[in-house]
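At position 58 of the sequence shown (counting the first as 1) the number is 62 in this note's numbering, and the numbers step up by one without a gap. Heads up, the beta-carbon is just placed ideally off N, CA and C, and yes, glycines get one too. Notes for the one structure printed next.
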Amino acid sequence: MPLPKPPTKRADMLTDVDFASQPKAAKTSAKSPAKSAPTGSARQNVAAILSAPTPAPTLELVKPAMTPAAAPAAAVNEGSRSARRGNRKTTAPAAAPVAAAPAPIVADKGTGSTGAKPTSPSPTAAPVSHTGPSVRRKRDVGGPAKLFVLDTNVLLHDPMSLFRFDEHDIYLPMITLEELDGHKKGMTEVARNARQVSRELDTLATDLSTRQQVDPASGIALAKTGHIEAKGKLYFQTTGLAVELPVGLPQGKADNQILGVVQALRLQHHGREVVLVSKDINMRIKARALGLTAEDYFNDKTLEDGDLLYTGVLALAADFWERHAKGMESWQQGGVTFYRITGPAVPTLMVNQFVYLESPGVTPWYGKVTEITGKSAVLRTLKDYANSKHSAWGVNARNREQNFALNLLLDPECDFVTLTGSAGTGKTLITLAAALSQVLDERRYTEIIVTRVTVPVGDDIGFLPGTEEEKMSPWMGALDDNLEVLARGDSTAGEWGRAATSELVRSKIKIKSLNFMRGRTFLNKFVIIDEAQNLTPKQMKTLITRAGPGTKIVCLGNLAQIDTPYLTEGSSGLTYAVDKFKGWPHGGHVTLARGERSRLADFASEVL
Numbered sequence: 005m006p007l008p009k010p011p012t013k014r015a016d017m018l019t020d021v022d023f024a025s026q027p028k029a030a031k032t033s034a035k036s037p038a039k040s041a042p043t044g045s046a047r048q049n050v051a052a053i054l055s056a057p058t059p060a061p062t063l064e065l066v067k068p069a070m071t072p073a074a075a076p077a078a079a080v081n082e083g084s085r086s087a088r089r090g091n092r093k094t095t096a097p098a099a100a101p102v103a104a105a106p107a108p109i110v111a112d113k114g115t116g117s118t119g120a121k122p123t124s125p126s127p128t129a130a131p132v133s134h135t136g137p138s139v140r141r142k143r144d145v146g147g148p149a150k151l152f153v154l155d156t157n158v159l160l161h162d163p164m165s166l167f168r169f170d171e172h173d174i175y176l177p178m179i180t181l182e183e184l185d186g187h188k189k190g191m192t193e194v195a196r197n198a199r200q201v202s203r204e205l206d207t208l209a210t211d212l213s214t215r216q217q218v219d220p221a222s223g224i225a226l227a228k229t230g231h232i233e234a235k236g237k238l239y240f241q242t243t244g245l246a247v248e249l250p251v252g253l254p255q256g257k258a259d260n261q262i263l264g265v266v267q268a269l270r271l272q273h274h275g276r277e278v279v280l281v282s283k284d285i286n287m288r289i290k291a292r293a294l295g296l297t298a299e300d301y302f303n304d305k306t307l308e309d310g311d312l313l314y315t316g317v318l319a320l321a322a323d324f325w326e327r328h329a330k331g332m333e334s335w336q337q338g339g340v341t342f343y344r345i346t347g348p349a350v351p352t353l354m355v356n357q358f359v360y361l362e363s364p365g366v367t368p369w370y371g372k373v374t375e376i377t378g379k380s381a382v383l384r385t386l387k388d389y390a391n392s393k394h395s396a397w398g399v400n401a402r403n404r405e406q407n408f409a410l411n412l413l414l415d416p417e418c419d420f421v422t423l424t425g426s427a428g429t430g431k432t433l434i435t436l437a438a439a440l441s442q443v444l445d446e447r448r449y450t451e452i453i454v455t456r457v458t459v460p461v462g463d464d465i466g467f468l469p470g471t472e473e474e475k476m477s478p479w480m481g482a483l484d485d486n487l488e489v490l491a492r493g494d495s496t497a498g499e500w501g502r503a504a505t506s507e508l509v510r511s512k513i514k515i516k517s518l519n520f521m522r523g524r525t526f527l528n529k530f531v532i533i534d535e536a537q538n539l540t541p542k543q544m545k546t547l548i549t550r551a552g553p554g555t556k557i558v559c560l561g562n563l564a565q566i567d568t569p570y571l572t573e574g575s576s577g578l579t580y581a582v583d584k585f586k587g588w589p590h591g592g593h594v595t596l597a598r599g600e601r602s603r604l605a606d607f608a609s610e611v612l
């Protein structure tokens with residue numbers, strides 16, 4: 005430890021405030037607050053204190069003595085000592101007595117009172133003592149790390165959930181490991197997740213130190229496998245716990261055993277918060293009914309609220325052109341007008357975001373953001389697919405959002421498109437029309453591949469006979485309905501012409517199952533993923549990474565109609581894809597807001 009700097013002031017320059025905090029003065033004021041020593045004696049006391057040797061024996065004699073009356077005085081003395089350290093500098097030989105000054109002060113306060121006897125340290129004296137390490141003070145302020153008890157469904161939902169709790173610790177009951185073992189067989193997504201969790205746990209449990217093998221309760225560092233964001237430890241249940249659950253809860257059920265473990269851990273760790281994490285709503289309800297803390301698994305949620313989802317459309321202010329007229333550039337290229345703007349609206353824009361300006365009595369203006377460079381953005385006008393001169397396979401846009409969606413679907417530079425909206429907004433129809441136009445008319449893609457998640461709304465009807473395409477046919481009723489609408493659009497071809505067109509269209513459409521997508525690569529294909537709201541983020545990643553050169557992927561879905569268990573609007577794979585791809589130059593998203601199916605469907609979606 006380096007020595008203090010040489011003194012710049014003499015010790016006899018002690019102020020009256022510093023003098024009042026000296027041991028003799030504190031002892032005198034305890035008996036008679038009105039009395040105080042003269043200034044001359046203060047100088048003599050200071051000189052005596054500075055020349056006195058280190059009072060180590062005094063520390064040992066009075067360390068356990070701390071009366072309740074001495075605690076406030078000790079706090080006052082501590083503040084005065086801090087003031088003295090900042091205002092007075094001593095020579096090197098006098099540094100040790102100054103550093104040991106707290107001991108004599110506590111000794112005087114502990115033994116100076118008449119009839120005072122040495123007692124054990126008071127609980128109120130612990131915060132006053134400043135001899136402990138600073139780490140303990142930080143721990144007291146922030147509190148200890150939480151202990152999260154994971155339910156089996158959390159691990160099956162997200163195999164990497166072990167490493168997503170930051171500095172907090174994870175506890176796995178033995179019944180959780182048993183349930184993982186029961187789900188590991190099969191080719192389903194749940195079985196694959198169970199096997200991945202088992203591999204992660206096996207990697208964590210191997211190469212344990214000798215101390216951990218002798219005492220498994222010491223925990224395993226979660227960061228040992230390379231997940232540096234996980235700073236906590238993993239604990240396994242290695243001993244039986246005293247469980248006291250209500251009589252109405254059967255002891256043999258796995259959920260109730262986990263509740264018993266949480267209750268026992270809560271009684272063992274009084275100063276630590278024990279939290280149950282489960283995707284099962286009823287499990288959380290039972291835990292809260294027992295007075296236990298229970299939470300959902302939030303790390304899989306892309307957004308906390310579905311209303312915060314990126315819509316891909318932005319309405320411009322009425323004075324947009326006036327506010328951005330300064331320095332604006334405009335030019336035409338290929339029949340399209342471009343505008344380069346700089347102004348307050350630029351930070352709110354994203355690439356491939358649609359903007360519009362509609363005012364009463366003024367022709368509406370629709371555009372798309374094509375480039376953002378620094379503080380400037382480039383906007384371009386759109387092709388109006390609401391006009392009968394511009395159509396996709398005979399289909400015209402009926403509202404503003406459908407026009408935006410058709411501009412994305414027919415853009416060869418846009419490789420990934422997501423469309424969301426309620427039932428009847430025309431997502432599937434305009435996507436099929438754009439796909440047929442680019443496959444049969446423009447020959448941009450070789451064929452159309454349609455797939456969807458096979459999650460039934462009601463009871464499952466069982467196994468279906470036939471080939472893969474025949475098994476998927478009952479799930480593709482929406483595709484057949486829209487193909488019928490598209491085939492009926494050509495009224496001049498006659499019955500034989502429509503039949504031939506329908507046969508040609510169906511020959512270019514392949515229906516595939518999601519179960520056989522892993523490992524495939526699509527070249528020059530137009531891939532349509534219907535009902536994408538029922539996909540998990542992992543399934544969505546599996547499908548999007550199948551795209552090869554020249555392939556376009558379109559995801560359709562209604563986030564209000566999620567049928568997959570444990571999925572919500574915030575954790576759906578469709579929400580995940582929309583949030584991650586926003587602002588990418590080769591991707592776009594549009595939320596269709598207006599229904600076009602029928603007046604009955606529109607009214608039902610509003611009131612039911």
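When rounded, the separation of the alpha-carbon atoms in Glu-308 and Asn-407 is 30 Å. One Cα belongs to His-231, the other to Phe-167, and the distance between them is close to 7 Å. Here Thr-352 carries a helix assignment [DSSP, helix/strand/coil].
Excluding residues up to 5 positions away in sequence, Leu-263, Gln-267 lie with their Cβ nearer than 7 Å to the Cβ of Leu-294 in the same chain. Around Leu-184, the same chain offers Thr-156, Leu-159, Ala-198, Val-201, Ser-202 as residues with beta carbons nearer than 7 Å, after the five sequence neighbours per side are excluded. For the pair Leu-560 and Glu-573, the CB atoms are not nearer than the 8 Å cut-off. Secondary structure note for Thr-455: its beta strand (DSSP E) is the uninterrupted segment 451-456. A check of alpha carbon separations from Gly-599 across Thr-432, Glu-507, Gln-543, Asn-391 identifies Thr-432 as the nearest. Boundaries for Gly-190: no beta strand (DSSP E) harbours it, and the DSSP string shows neither H nor E there.
Where Gln-261 is concerned, the enclosing alpha helix (DSSP H) starts and stops at 258-272.
Here Met-287 is buried. Its C-beta has 16 or more other C-beta atoms within 10 Å. Where Ile-548 is concerned, the enclosing alpha helix (DSSP H) starts and stops at 541-548.
For Asp-206, the closest C-alpha among the options Leu-238, Thr-422, Lys-372 is that of Leu-238.
Within the segment 150-206, the runs of beta strand (DSSP E) that reach at least 3 residues and sit entirely inside it are, in chain order, 151-154, 173-176. The straight-line gap separating the alpha-carbon atoms of Ala-581 and Met-544 is approximately 7 Å. Going by beta carbons, Lys-512 and Leu-444 fall inside the 8 Å limit. If one requires a minimum length of 4 residues, the alpha helix (DSSP H) runs lying completely within the segment 349-413 are 404-413, in chain order. Here Asp-259 is buried, its C-beta having at least 16 other C-beta atoms within 10 Å. Ile-453 is the residue among Phe-607, His-593, Ile-453 whose C-alpha sits nearest the C-alpha of Val-531.
Leu-527 sits close to Thr-555, with the two beta carbons spaced by under 8 Å. The beta carbon of Thr-374 is closer than 6 Å to those of Val-382, Arg-384 in its chain, skipping five residues each way along the sequence.
With contacts defined by Cβ atoms closer than 8 Å, Val-340 and Ser-380 do not form a contacting pair.
At the C-beta level, Leu-539 and Val-594 stay beyond 8 Å of one another. Residue pairing by DSSP places Thr-297 opposite Val-279 in a beta bridge.
The bridge partners DSSP lists for Glu-308 come to none.
With contacts defined by Cβ atoms closer than 8 Å, Gln-241 and Val-265 form a contacting pair.
According to the DSSP secondary-structure assignment, Ser-334 is paired through a beta bridge with Tyr-343. In the three-state reduction of the DSSP assignment, Tyr-239 falls in the strand class.
Short of 6 Å from the beta carbon of Asn-303, and not among the five residues preceding or following it, lie these beta carbons of its own chain, in chain order: Arg-168. Looking at the DSSP output, Gly-561 shares a beta bridge with Thr-424. In the DSSP secondary-structure assignment, Leu-596 is bridged to Gly-425.
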